[in-house]
Every structure is written in C-alpha cells, then in structure tokens.
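First comes the structure, then the notes that go with it.
Below is the structure:
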C-alpha cells in the first residue's frame, strides 16, 4: 500500500480537484477579484496619496491587504490568481490549462480596466485641480513617469528603464514564487498579502508599484490623454515584460526541481506495508509461493494414500475371518 507521500508536491495542480468550479464562475471570480484589487490600489494611490500625502508604509500595507482580502473572498472559486503574471506561471508549470489561463488573463485585464474607468469617473476635478493631479500618483512608469521624477530632476537624476525593470522583476519573482509554492496551504491569503506588501515596498518609490500587468493597464487606459508628464501607455510594455519574464524564471526553477517520472518512488518518501511492519518491530509476512504450496500439499497426499491402504488391508482381513467361520 503506497502512502500519499509518493505524490510530489509539484504534481498538485491549482485547478484539478474534484471541487473545480465551472469555467464561467472561475472567470467571473478572476474578473471581480482583479477589479477589487485594482480599485483598492487606485483609491489608495489617488485619494489616499493626494489627501494624506505619499506614504510608503500606507501603500505597502494597503496593497498587501487588498490582495489578501480578494483571495479570501474569491480564492476558493478560481484559485485567486488575479494577476496575469501568476496565471502565466500557472500555465507554464501545468497548474492551469492553457486555454483557461488565456481566458483568465483576458478577464483580469477587463477587471483592471473597469476599475480604472470607475476611479476616473469618481475623481473630483475643477478649474484648479485637474485629473492629472490625481492620476500622477496612480500610474506606473519610469524616468519622467516615475513618482520620484519631480524630486530627482532637481539633482539631474532619474530612475532609468533598467532600474525600473530590476525592481519589478525582483518583486514579481517573490510574488510568483510564493503563489506557486504556497497555494492550497492554510494561510495562503496571508502569504500572498505579505508578498505583495514586500513587492510594493521596493517598487513604489521607483515605478509606483506595478506588480501586476492588469493593474498597470487598467489605469493607463484612462490616463493616457490627461496631459501627464509621461504618457503611461508608452511605458506599459515594461510592466508586462518584467512580470512575464519573472514568471518564466520561477517556472523554469520549479520544473528543474520537480522529480522525474522515472524516479524511484522510495526516493520520494514512499513506503510499503513491509517497511511499516519492520518499523513496528514485526517480522515481515511472507506470501507462500506456488512451489512451497505444492511441496506442502505432497505429504498430505501421501498420508491419505497410506490411510486408504491400511483401511483396505483391514477390510480384507475382516473378510477372511468371516469366511473361516
């Protein structure tokens, strides 16, 4: 009897359980979850940042809580990916079917776009306060699109594309690695919240904390014509390339680490009944083979023949005695 330990952790998929929800429900959950996450982040980076000034701890904590809450709320329906980069990694490692993953990404982007549309419609504007003053802290960018551009330009400095790519890739690797290795565990939502909070901490000063292509796309679509210092759509490519590259790196590492199909199950922690009996101090039970069974039956057959011969001799003697009488 083989225990569950023979199944490698890497073989457990995100969406292959018996309780898998219909695709339409999972797509709806991904759309709604991404909408909730993006809208929460947009609110923090517009209303929160402008009214209460930029605060790294506030943004990092809020970002982590937004993702954790969305996963708690909808993770049981779709797995709680809410990020095209996480979905790409899930497809590359076989945890999500390719077609399902493509649809997930489409619905995630739609969710982000709906959140961008809603926040744009809610921004209070006047002759003295234009929409761009709210949106500047909500978009993602580098160089002139960076949050720190106004401060750094006074010293002839800026955050280049390479610096922006470096922080976004590192943050995405952490987030995707946590998503791929911690899925299904009791505190999965908390793990993801911490990962996103960490990512926001190291990326917010440089790029505005993208971390999620759907989040970057949703706000860029409705901020591109708002007379910003930098058109966010022109830099959007970076916030797709970096997370997808990070997804490929994490997936490659996981595939290299995954045990091969030809590996000895015993090396994966398998055990059988004999091992279990030996560990309990009991002698292993041997199953009789065909040869031992045949050997055991031969003496019994010979004994029965001797008994029949003796019975025949006794009967013959008895018959002779009767005749003499």
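Residue numbers (our numbering): 58 to 382.
Glycine residues also receive a C-beta, built at the ideal position from the N, C-alpha and C atoms.
Nothing here was measured: the structure is a model prediction, and the numbers come from that model.
Starting from the Cα of residue 308, find the closest Cα among 99, 234 and 289 and give me that residue. Numbered from its first residue, the chain shown carries residue 308 at position 251. With distances taken between CA atoms, residue 308 lies nearest to 234 out of 99, 234 and 289.
Nearest-angstrom Cα distance between residue 81 and residue 267? For the purposes of this step, residue 81 is taken as the residue at position 24 of the chain shown. For the purposes of this step, residue 267 is taken as the residue at position 210 of the chain shown. For residue 81 and residue 267, the distance between alpha carbons rounds to 28 angstroms.
Taking Cβ to Cβ, would you say residue 140 is nearer than 7 angstroms to residue 269? Indexing the chain shown from 1 puts residue 140 at position 83. Indexing the chain shown from 1 puts residue 269 at position 212. Yes; because the gap between Cβ atoms is below 7 angstroms, this pair is in contact.
Do you know whose CA, among 193, 306, 84 and 259, lies nearest residue 138's CA? Taking the chain shown and counting its residues from 1, one reaches residue 138 at position 81. Minimum Cα distance to residue 138 is reached at 84.
What is the residue span of the alpha helix (DSSP H) that residue 262 lies within? Your numbering for residue 262 matches position 205 in the chain shown. Taken as a continuous stretch (DSSP letters only), the alpha helix (DSSP H) holding residue 262 covers 245 to 264.
Opening and closing residue of the alpha helix (DSSP H) in which residue 237 lies: Your numbering for residue 237 matches position 180 in the chain shown. Looking at the DSSP string, the run of the alpha helix (DSSP H) that includes residue 237 is 218 to 239.
8 angstroms CB neighbourhood of residue 239 in its chain, flanking five on each side removed: Here residue 239 corresponds to residue number 182 of the chain shown, with the count starting at 1. These residues qualify, in order along the chain: 245, 248 and 249.
Pairwise C-alpha distance: residue 224 and residue 96: Reading the chain shown from its first residue, position 39 is the one you call residue 96. Reading the chain shown from its first residue, position 167 is the one you call residue 224. Cα to Cα, the separation comes out at about 23 angstroms.
Which class does residue 204 belong to by DSSP, given the choice of helix, strand or coil? In the chain shown, counting from the first residue as 1, residue 204 sits at position 147. In this structure, residue 204 counts as coil in the three-state DSSP scheme.
Look at the alpha carbon of residue 148 and the alpha carbon of residue 175, and state the distance between them as a whole number of angstroms. Numbered from 1 along the chain shown, position 91 holds the residue referred to as residue 148. Numbered from 1 along the chain shown, position 118 holds the residue referred to as residue 175. So the alpha carbons of these two residues sit roughly 30 angstroms apart.
Sufficient close CB pairs (3 or more, under 8 angstroms) joining the stretch 150 to 161 to the stretch 255 to 265: Segment contact: the stretch 150 to 161 against the stretch 255 to 265, fewer than three CB-CB distances shorter than 8 angstroms; contact not assigned.
Are there 16 or more other CB atoms within 10 angstroms of the CB of residue 312, so buried, or fewer, so exposed? By one-based count along the chain shown, residue 312 stands at place 255. Residue 312 is exposed by the Cβ-count criterion.
Going by beta-carbon coordinates alone, are residue 92 and residue 171 separated by less than 7 angstroms? Working through the chain shown from its first residue, we reach residue 92 at position 35. Working through the chain shown from its first residue, we reach residue 171 at position 114. Taking 7 angstroms as the Cβ cut-off, residue 92 and residue 171 qualify as a contacting pair.
Taking the Cβ atom as the reference point for each residue, do residue 277 and residue 295 lie within a distance shorter than 7 angstroms? Here the question's residue 277 lines up with position 220 in the chain shown. Here the question's residue 295 lines up with position 238 in the chain shown. Cβ atoms of residue 277 and residue 295: not closer than 7 angstroms.
Give me the Cα-Cα distance between residue 78 and residue 134, rounded to the nearest whole angstrom. As a working mapping, residue 78 is identified with position 21 in the chain shown. As a working mapping, residue 134 is identified with position 77 in the chain shown. So the two alpha carbons sit approximately 6 angstroms from each other.
Leaving aside the five residues before and after residue 202 along the sequence, list all residues of the same chain whose C-beta is less than 6 angstroms from its C-beta, in chain order. Translated into positions along the chain shown, residue 202 becomes position 145. Closer than 6 angstroms at Cβ, skipping near neighbours: 287 and 292.
Between which two residues does the alpha helix (DSSP H) harbouring residue 170 extend? Here residue 170 refers to the residue found at position 113 when the chain shown is read from its first residue. Per DSSP, residue 170 belongs to the alpha helix (DSSP H) from 155 to 179.
Among 215, 189, 191 and 236, which residue has its Cα nearest to the Cα of residue 128? Numbered from its first residue, the chain shown carries residue 128 at position 71. Ranking the options by Cα distance to residue 128, first place goes to 236.
Interface flag, residue 250 vs chain B, CB-CB below 7 angstroms: No chain B is part of this structure, which consists of one protein chain only.
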